[in-house]
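Engineer:
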Amino acid sequence: MRVLIMAGVLVCTVSSGLPAAVSQSAPPGCAQSERHSEFGFWVGEWNVYDREGRFAGRNDVSLRSGDCLIVEEWESAGGGDGTSMNFVDPESGDWRQIWVSANTHIDYSGGLNARGEMILRGEISYFGGDTETTADFRGKWTPLETGRVVQHFQQYDPGSDSWQDWFAGTYVPRGDDPNGTEPDADATGPVIETLTGFD
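All letters in the sequence shown, in the order written, are residues -20 to -1, 1 to 179 by mature numbering (1 follows the signal peptide of the UniProt record, and there is no 0).
Right, here's the structure in full:
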């Protein structure tokens, strides 16, 4: 009988992924947390256009794990892809994004500025074979009154001691895109005339 009881406890522990005592006292998800909702403006199904208005690809950004995790699934117009996980780091209290694509890894963190823009700073790594290079990197997400989002990335160039634009684009809700939910490869959309700084 004792063996059967212990086996039952083991099954309960393994199936929940946590010790029984911990799983019973675990708090609910992050849906009611103001801090965890700060990046909610980026959640959605998007068509993305680059700075000149050319169709760049599609991005599905969704909430997971009790709204404690934002997962980005990117597919470029050229067929490339990438995925990021976005969450509030429990140690620092900052938002953190970890991005991985075929040969690129980005790890940066930060939070909202006074204008309500999400700004993350950290490092980008390029790898392949036995080589790897890294550089300082930063990103900014600006919510617009139209429901769109402007995304802006910059990489630091030590040779010129300056920040260089890496990508800038406009996120258009897929259901509101004049080009439809599945734009043609040569579709054009909003153009970004000016970009604000990273203050």
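Glycine is no exception: its CB is placed at the ideal position from the N, C-alpha and C atoms.
Compare the C-alpha of residue 36 against each of 131, 143, 139 and 175 and name the closest.
Structural biologist: For the purposes of this step, residue 36 is taken as the residue at position 56 of the sequence shown. If we check each option's Cα against that of residue 36, 131 comes out closest.
Engineer: Just curious, the beta strand (DSSP E) that residue 167 is in, first and last residue?
Structural biologist: The residue you call residue 167 lines up with position 187 of the sequence shown. Premise fails: residue 167 is in no beta strand (DSSP E) and is neither H nor E.
Engineer: Quick one: using the 10 Å Cβ neighbour count with 16 as the cut-off for buried, is residue 100 buried or exposed?
Structural biologist: In the sequence shown, the residue the question calls residue 100 occupies position 120. Looking at its Cβ environment, which holds 16 or more other Cβ atoms inside 10 Å, residue 100 is buried.
Engineer: Beta carbon of residue 106, beta carbon of residue 84: below 7 Å?
Structural biologist: Numbered from its first residue, the sequence shown carries residue 106 at position 126. Numbered from its first residue, the sequence shown carries residue 84 at position 104. Yes, they are a contact pair.
Engineer: Could you give the C-beta distance for residue 61 and residue 55, rounded to a whole number, given that I count them as a contact under 8 Å?
Structural biologist: Here residue 61 refers to the residue found at position 81 of the sequence shown. Here residue 55 refers to the residue found at position 75 of the sequence shown. With a Cβ gap of about 5 Å, residue 61 and residue 55 count as contacting.
Engineer: For residue 42, is the classification buried or exposed, using 16 other Cβ atoms within 10 angstroms of its Cβ as the cut-off for buried?
Structural biologist: Position 62 of the sequence shown, counting from 1, holds the residue named residue 42. Classification for residue 42: exposed.
Engineer: Excluding the 5 residues flanking residue 108 on each side, which residues of the same chain have their C-beta closer than 7 Å to its C-beta?
Structural biologist: As a working note, residue 108 is residue 128 in the sequence shown. Closer than 7 Å at Cβ, skipping near neighbours: 83.
Engineer: Whole angstroms are fine: how far does the CA of residue 166 sit from the CA of residue 173?
Structural biologist: On the sequence shown, residue 173 is found 193 positions in, with the first residue counted as 1. On the sequence shown, residue 166 is found 186 positions in, with the first residue counted as 1. Spanning the two alpha carbons is a distance of roughly 20 Å.
Engineer: Specify, as a first and last residue, the run of the beta strand (DSSP E) that residue 53 falls within.
Structural biologist: Working through the sequence shown from its first residue, we reach residue 53 at position 73. It spans 49 to 56 - the beta strand (DSSP E) in which residue 53 sits, taken as one unbroken run.
Engineer: Could you check the C-alpha separation between residue 66 and residue 91 for me, to the nearest Å?
Structural biologist: Counting from one through the sequence shown, the residue named residue 66 turns up at place 86. Counting from one through the sequence shown, the residue named residue 91 turns up at place 111. About 11 Å.
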